[in-house]
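What follows is one structure encoded as structure tokens, with my remarks underneath.
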Amino acid sequence: MRCAAEAWAVVRAVVRPPPNRLNPPPCSSRLLTTDAPPRATTASLIRPYRICTASQSRCPQTLVADAPAGDHPGRTPCSGTPQKQRRSLGNLLKNMSRSARNVAEVEIVHSSAVKLGFARQVLAGTHLMSLYTKVGCLDSAHKLFGEMPSRNTATWTVLITGFSGAGFYSVAFDLFAQMLHEGVFPNHVTLPSVFKCYASMEDLGGGKEVHGWLLRNVVRSDVVLDNSIVDFYAKCGDLVYAGRVFDSMADRDNVSWNVMLGAYLRVGDVPGSIEFFKRSPSLDVASWNMMINGQMQNGVHGMALESLYQMVELGSSFSPITFSVALALAGTLSLLELGMQIHCKLVRSETYVDGFVRNSLMDMYCKCGDMESASIVFSKVPCSGRKVRASAVRSDGSTAETVSWSCMVSGYVHNGRHVDAFKLFRRLFREGAAVDAFSVTNIISACSYAGFLAQGKQIHACAEKLGYASDVYLSSAIIDMYGKCGSLHDAEVVFRKAESWSVVFWTSMIGAYASHGQGREAIRIFEMMLDKNIRPNEISFVGLLSACSHAGLIGEGYKYFRLMKEEFGLAPTVQHLTCVVDLLGRAGLLHEARAFIYENGIAYLGVAWKALLSACRFHKAVDMAKFASEQLAPLEPCDSGSLVLLSNIYSTANQWVQGSRFRRMMQEKGIRKQPGMSWIHLGNEVHTFVAGDRSHPQMDRIYSYLYRLIPRLKEMGYQSATNMVFHDVEVEEREIFLSYHSEKLAIACGIIHTPCGTPVRVMKNLRVCDDCHVAIKYISLATGRDIILRDTHRFHHFRHGKCSCGDYW
DNA sequence: ATAGGGTTAG
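In the working numbering, each number is its position in the first sequence, counted from 1, plus 3.
What follows is the structure, encoded as structure tokens:
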């Protein structure tokens, strides 16, 4: 603990912003953040690039105008004879290219160069362009480029590199084509940037063409160029060819080995990567970073942790990237202790704590559930208006700041702190925080997860205003949000309006129908998608199959499962297979489901047996449940959900002794049932309830309402399914216990606070229990309300005493 | 002037 306190003390010092000697930032990288960020598909990676108009741009208007002389003491190169001035300016340019940090400094030098008639020279102009690209001011570099009377290879190279580095691949390609068109020959310095573009866009064909051209024209090659070619093939998935180029290389340096190491890890060949790692003649920080991150990405977290410890033991120093990776690892594994140790190391090391690292730190605390520490880190994130360094702007336009908001919001949401998430939302709007399409997507996902319909709508409107509506990922996330917030109608509206040809987009609509149990609609959308020649992917089939299973469409489900393999050549994944187990189980074909598990080699997976187990619950098949749980026990000994399920199955069959045996077992092992929690949104507030909760300020009203309501339900025929309670206690007591399940409290709260006829929407963090399900059906009948309940698996729409799930969940 | 390694979400 001493460690953490110490860490905070130093963090406060480190994190303090550096004194800002120069004026506020000019146009700088604003451009990068206002363009709609590209997403995964090749087509969308091509981003439109707008050149700042003169009024937007604060860079010198023209090269011959009276530019202001440098008015900063100590920075003024303008003194002495013109020759002397030129020489000193030249030196300044050279020095600055090593340490350029902000746009204002570059602009001062530019102004001086203009005044001396110096900027029109190829060499100086190229230097200045390079400076502008380094500080992330691409539009100024481009403008200067346009004004230069003559250009050489270096001039073109600087500009191409600038755009490719910032993720404007299409502009880089255009420039490259123009360069060739004007007869300027690219050299070994130009081409790595071009290959980087092809690699990022995963355009194997295009890059191959350039490679062929290069071989035919015998461009002088060097390590850097060769490395970029190896990396290009590796990123495009042609590992064989990457290896061939690697083997044929005359010299290899650290980067060459790291590129190949990355290639192994990218394709998920963990043993191959370790072999290669051992063969590598010298390892640097990047090798370790790559190894740790790669192992983490490949799901072998234990190995990644081992690598991290090994790295420390061998005395390798940490780079900022190491900190990001290590913190991500600690977060993924929920190892708060480790995370704090890394935090200490970060504070002690003299690494500059940039936005990325700070976000990783915050995310680690979020993932470890320590929201207090996370929010302290959050408060240290530089706010908008501050200069954003070029390197801090990611190729998709997101910055440390935009990421930090979405990270924090989702942190609160995933830790069940809806009220805090809610407050943060309000702050976000009040402060007008900068958001890019990616963070909007993230925030929308947080809304989906928490069921924040009103906030989701607000952010949807916000996204439209910001012009992000055309972003495929965002609009898919919006559909998903409306689906998960229970407003299928809004999802349909967005879906119809956007008319996208992206698979993701269609898949999210299928998923929305699936979670609402509308199997027929999901199938209709799927068929429409096929008619439009949009090729479904694995995820589309996951949605479709689960839709079939939720709606009990056994035949259709099986048909599409075959179609997936036979017509689309997609290998079924674990998710598909468990969907089929679910499908068979729901149909009561329990033996077939068990056979299917073995035939498809998924008997080693807990999820498969859990699917069978929940089918057993529905069919009250005690023997099969016993069998499934015996298989499950060694696989997931600590899974509270399945033990609760099993205990309930026994209880349902009135085998109380067996049931309580499992309950005891849980107690002995220290496994605690995840507390059931429900929440409801009313006006501008969110109300959360846990079973038996009395902390709500209006608890008396809620309980007295339930006291009056339940007898009315009983008159209508409701029988409390008292067998769903754990304990073998007296019937009456069990009844009381059940009446206060969190969903009943939340629904009662909703009914009290809304006018007659308003639908009540409630979210729950566990599966709804049998008793509540029956009770809510009667509540909908007695009150004439539509009740929409979301549990972890799907939506239940209760209306006129019936549920949309057909009692099949 | 050029190449490799990073955070968030699902």
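Glycine residues also receive a C-beta, built at the ideal position from the N, C-alpha and C atoms.
- DSSP places Arg499 in the uninterrupted alpha helix (DSSP H) bounded by Leu491 to Ala501.
- Across the set Leu431, Ala466 and Ser448, the C-alpha of Ala466 shows the shortest separation from the C-alpha of Ala440.
- Within a 10 Å sphere around the beta-carbon of Lys87 sit fewer than 16 other beta-carbons, which makes this residue exposed.
- Of the other Cβ atoms in all chains shown, 16 or more fall within 10 Å of the Cβ of Lys146; this residue is therefore buried.
- Taking C-beta atoms as the reference points, Val380 and Ser409 fail to come closer than 9 Å.
- Between Val328 and Ile277, the beta carbon gap of about 17 Å keeps them out of contact (Cβ cut-off 8 Å).
- The alpha carbon of Asn445 has as its nearest neighbour, out of Gly414, Lys426, Asp423 and Ala457, the alpha carbon of Gly414.
- The C-beta of Trp682 has 16 or more other C-beta atoms within 10 Å across all chains shown, which makes the residue buried.
- According to the DSSP secondary-structure assignment, Phe359 is paired through a beta bridge with no residue.
- Per the coordinates, the alpha-carbon of Ala403 lies some 7 Å from the alpha-carbon of Asn362.
- The Cβ-Cβ distance between Val226 and Ser259 falls below 9 Å.
- Around the beta carbon of Val577, fewer than 16 other beta carbons sit within 10 angstroms, so the residue counts as exposed.
- When rounded, the separation of the alpha-carbon atoms in Ser133 and Lys383 is 32 Å.
- Residue burial annotation: Lys468 is exposed, with fewer than 16 other C-beta atoms found within 10 angstroms of its C-beta.
- For Lys199, the CB contacts under 7 Å within the same chain, skipping 5 residues up- and downstream, are Ser167 and Ser231 in chain order.
- Rounded to the nearest whole angstrom, the CA to CA distance from Arg788 to Ala457 is 20 Å.
- The three-state secondary structure of Thr354, taken from DSSP, is coil.
- For the 9 Å CB-CB criterion, Thr325 and His304 do not form a contact.
- DSSP places Val763 in the uninterrupted beta strand (DSSP E) bounded by Val763 to Lys767.
- The residue among Arg793, Ile163 and Thr156 with its C-alpha nearest the C-alpha of Met484 is Arg793.
- With a beta-carbon spacing of about 11 Å, Leu616 and Ala636 fall beyond the 8 Å limit used to define contacts.
- Under the three-state reduction of DSSP, Val328 is assigned to helix.
- In this structure the stretch 597-613 does not touch the stretch 558-573; the number of beta carbon pairs closer than 8 Å is below three.
- Setting aside the 5 residues that flank it on each side, Gly209 is surrounded in the same chain by Tyr201, each with a C-beta closer than 7 Å to its C-beta; the list follows chain order.
- Looking only at Ser543, Asp234, Val416 and Gln124, the smallest Cα-Cα distance to Lys211 is reached by Asp234.
- Annotation for Phe176: Cys200 place their beta carbon closer than 7 Å to its own, counting only its chain and skipping 5 residues before and after.
- Around the beta-carbon of Val221, fewer than 16 other beta-carbon atoms lie within 10 Å, marking it exposed.
- Counting along the chain, Glu434 sits inside the alpha helix (DSSP H) bounded by residues His421 to Glu434.
- Here the alpha carbons of Tyr452 and Ala480 stand approximately 11 Å from one another.
- Taking C-beta atoms under 8 Å as the contact rule, Met293 and Ala331 fail to qualify, at a distance of about 14 Å.
- The DSSP-derived three-state label of Phe692 is strand.
- Here Arg770 is buried, its C-beta having at least 16 other C-beta atoms within 10 Å.
- Per DSSP, the beta bridge partners of Ile791 are Arg764 and His800.
- Taking C-beta atoms as the reference points, Lys767 and Thr795 count as a pair closer than 9 Å.
- Less than 9 Å divides the Cβ of Ala449 from the Cβ of Ala424.
- Here DSSP, grouped into helix, strand and coil, assigns Ser337 to coil.
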